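Accompanying notes for the structure given below.
This is the structure:
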């Protein structure tokens, strides 16, 4: 590309080795480069860079905020980015930037358009992915993959006034070298409007032609078998615009094919000729000639007097204008004027020269009081018999009426490949806007627009009566790929029956809709399960996998699978699916770096770029319990009786709101494009919600020396064994305000009982989303796993640490006691007791019992409590037999 900028000549060149793309980088780099050279005559300045892919197409120059040269890199199936060479103000320097990710290599040049005050480039990659990019902000406007999957796209595309036309060499038939297609995509929205399936492959770009700004545009398609056809924009019908030597109109011209060639020569317009080269190398020139067509261009009441002002018996002057837009003249063309009930009022014949127009005045007596008139040219369709259209061969005028759509409904909101039959119910009404006692009927049309496909019903509508029509239709296969199909209804949409233009509501109520059919594509990507351990310890490494499925009878490429821990992305990978394939992905190692319930989740196609008709099953979650490290709580100052932790849930908060367009034509034949929004219920919005849960741990500690049981030393009993000192301890404890069950003799024992209470509000605040989200993660945090007693004697000396046993309760409230042991008395008697025995030589004072409860709940709660046992005297102070503790 050579560009003259501010008096400076810039030459842009891309280089390519031609056959090394796709190999290892050091070989790809052989000579793949992009150069911009400023020609200074004897010297030059050069900006250059080396790229992995080949530079196989011409760059373009755009001035979008700054001056830049835009190029594309051809990396075959590898992703890359747009090449931007951006110049400073005086072109003295430039920087090379890479912006906007492109999925596959681009072998063709981008195309620039300035639209709606913004700078855009369009381009297509080798796999048929079409892009629209705001080249000033470097933001992707849309990216569409209507053709991907066993597809070979051409290296270019065509831009029309409303649509981008992508020529697909092999449309889902690449492996067999099969037929191609042309895709018509709305420039503003990126919505696929029409797929034109071809009977052969296509090897050159289509040509867009709009001969008159007041007429529709056409695309000209040449397939590899040599067939050429004109297709009209919006109706997508083939037009009979080829004429053979006998004068017959054909919708297809047939030339020798070019099927063995890599590419076919492009179709070209030059002056009034369309040029092409056939498979034998012969050039063909087609001269553009207007097809046969006669039309009524105007029909009105002559003069200033309104139609409704004419009384019965008065003569009404009617002026009609007729045109022959053909290149041929026609003799004795018949023109007919009809009255209210369709009776013929007058007939004339007229010779019409080629490209001519004439007017004629009819004078008709108003003998019914209901003036309604229709004028027709070539009604019998025999002179000529081959008009290109019959829609403009008649016009009518009458007293004003209001024809409206009263109600419009569809019997379903969603369609799929299996359920694509729909019935539209349309209620229409004809209201006279003048005074009359006469009943009358008018013939008009009700038309449905199902996306871009029209469906028309001719009806006879009686005045002041509502008519209900049930119109069945089938959504076409290519429409199911759109995601949403707008359906509109209109009656008398071309206003062939006159309706006043004021107030505007009289004409506006001829239209209803759009109602939106949501297309649930057969494709369904499913997150089946996520696999990880149920629990682990903080800092440990665990392996996470997921099972995902492509429930679709076609392969899917580069589907993104993303993993989260709560709302933090921890891993992602792209994978290819075969048709109806279930596979395992992931297998990565994750370090558990947070304590508590961690919600692991797998998200299939989170960016919503793949084909998927039901995204409500794209997320699967599971909880992993991450426990804190078990630490030895050695003092009461180290304990943690309260804690909190966060749990993240994924919920559906809403659904994507999408925008579409539909087109209608007013009475003057002008097309209007309207936008509408709809809720796509097949595309839910998943968002994380984090909830904080709380927990606490408490305990009650009791000791029991059994010395509160009264005994009489003068009358000892065998049952006095555990309370021999009570005869002295009870009165002493009472005197000192003590509990006798917390006092004992040196050498006697005591029981220890700890009741722990763990409380939490876990899963009481699960957030509520749509479609039953979120579900509880499950699991049940529990109280301590270990309770330990540390015992110090009356001298303050550490005596023992004893692990208590859980003897009752559940995972919230539990009872813990000393382990049961066997003791043998000096008498030989054996006892099973849960007691700790004090030292027989311990002086009076306090035994200290410290109780530690550990590892409770999600955050590692702990508890510390202290209890005292008072030593008052020795077991030898009692007159009863003393216990021999030497056998312990």
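Numbering (this note's numbering), first residue to last: 799 to 1686. Heads up, the beta-carbon is just placed ideally off N, CA and C, and yes, glycines get one too. Owing to the predicted nature of the structure, the values given are computational and were not obtained by experimental measurement.
Under the criterion of beta carbons closer than 8 Å, residue 1647 and residue 1633 do not qualify as touching, at roughly 12 Å.
Every unbroken stretch of the alpha helix (DSSP H) spanning 4 or more residues and falling wholly within the region 1263 to 1310 is given here in chain order: 1303 to 1306. By the neighbour-count definition (other C-beta atoms within 10 Å, threshold 16), residue 1314 is a buried residue. Counting C-beta atoms within 10 angstroms of its own C-beta, residue 1171 has 16 or more neighbours from the protein chains shown and is therefore classed as buried. Nearest neighbour of residue 1081 by Cα position, chosen from 1063, 973, 1576, turns out to be 1063. Rounded to the nearest whole angstrom, the C-alpha separation of residue 1612 and residue 1582 is 9 Å.
Nearest to residue 1180 by C-alpha distance, out of 1555, 1090, 1123, is 1090. 8 Å or more divides the Cβ of residue 1517 from the Cβ of residue 1505. If you look at residue 1538, you'll find it isn't in any alpha helix (DSSP H); DSSP assigns it neither H nor E.
Excluding the 5 residues flanking it on each side, residue 1618 has same chain C-beta neighbours closer than 8 Å at 1603, 1630, 1631, 1632, in chain order. Scanning its chain for C-beta atoms nearer than 7 Å, with the 5 sequence neighbours on each side dropped, one finds around residue 979 the residues 966, 969, 993, 994, 995, 996, in chain order. Considering only 1598, 1326, 1572, 917, the residue with the shortest C-alpha distance to residue 1447 is 1572. Counting of Cβ neighbours within 10 angstroms places residue 1130 among the exposed residues, the total staying below 16.
For residue 1327, same chain residues with a beta-carbon under 7 Å away, outside a window of 5 residues either side, are 1344, 1345, 1418 in chain order. For residue 1030, DSSP records a beta bridge to 1016. Secondary structure of residue 1645 (DSSP, three-state): strand. Minimum Cα-Cα distance from residue 1371 among the listed residues 985, 1247, 1356, 1379 corresponds to 1356. Per the C-alpha coordinates, the member of 891, 935, 1036 positioned closest to residue 1049 is 1036. Assigned with DSSP and collapsed to three states, residue 990 falls in strand.
Under DSSP, residue 1168 shares a beta bridge with no residue. DSSP, reduced to helix, strand and coil, places residue 1550 within a strand of the structure shown.
In the three-state reduction of the DSSP assignment, residue 937 falls in the strand class.
No Cβ-Cβ contact shorter than 8 Å links residue 1311 with residue 1282. With distances taken between CA atoms, residue 1452 lies nearest to 1479 out of 1473, 1439, 1479.
Between residue 1259 and residue 1240, the beta carbon gap of about 6 Å places them in contact (Cβ cut-off 8 Å). Residue 1535 and residue 1589 have their C-alpha atoms roughly 24 Å apart. Using a Cβ-Cβ distance cut-off of 8 Å, the region 1475 to 1495 and the region 1005 to 1015 are not in contact, since fewer than three pairs of beta carbons, one from each stretch, lie closer than that value. By the neighbour-count definition (other C-beta atoms within 10 Å, threshold 16), residue 1125 is an exposed residue.
Within 10 angstroms of the beta-carbon of residue 1376 lie fewer than 16 other beta-carbons, which makes it exposed.
DSSP, read as helix, strand or coil, puts residue 1330 in coil. In this structure, the straight-line span from the alpha carbon of residue 1190 to that of residue 1176 is close to 11 Å. Per DSSP, residue 1560 lies in no beta strand (DSSP E) segment and is marked neither H nor E.
In the structure shown, residue 1673 falls within a helical segment according to DSSP collapsed to helix, strand and coil. Distance between residue 1027 and residue 1018, taken at the CA atoms: about 6 Å. Counted as a single uninterrupted DSSP element, the beta strand (DSSP E) harbouring residue 1114 occupies residues 1113 to 1122.
The residue from 883, 929, 1540, 1562 with its alpha-carbon nearest to that of residue 1668 is 1540.
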